[in-house]
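In our numbering, the protein residues as written are 79 to 196. Backbone N, C-alpha and C fix where the C-beta goes; we use that ideal spot for every residue, glycine too. Owing to the predicted nature of the structure, the values given are computational and were not obtained by experimental measurement.
Spelled out as structure tokens, the structure:
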């Protein structure tokens, strides 16, 4: 089993090589399963699939981090780096926009301010 912390220290080329090795091993295990191989080989399929997932996860995280560094400080951020949230939340008014009043409303407020008693 490969740990994600160990993978984070490796370069892109090492990750790709490790990924290819695991994929090759998985295909060999799949053949062994079809041909009626040993139970230990069939049980190993799950761990190899999880290793492939870990490697891909770390690889994708490293790519995204590299893109973030490259785009840092620019005016626009690519869509895959933006916050997902929900469509409604992305289109909602900002706090500043919510607090603003129209010219007509501000005139109304000054001319017909709330009465003060006492």
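Residue j beta carbon less than 8 Å from that of residue i
i           : j           : result
residue 133 : residue 80  : yes
residue 159 : residue 146 : yes
residue 130 : residue 100 : yes
residue 104 : residue 126 : yes
residue 85  : residue 97  : no
residue 139 : residue 90  : no
Query raised in the report: Can you list, in chain order, the stretches of the alpha helix (DSSP H) that have 4 or more residues and sit fully within the stretch 82-149?
Result: Within the stretch 82-149, the complete alpha helix (DSSP H) runs of at least 4 residues are 82-86, 90-112 and 117-149.
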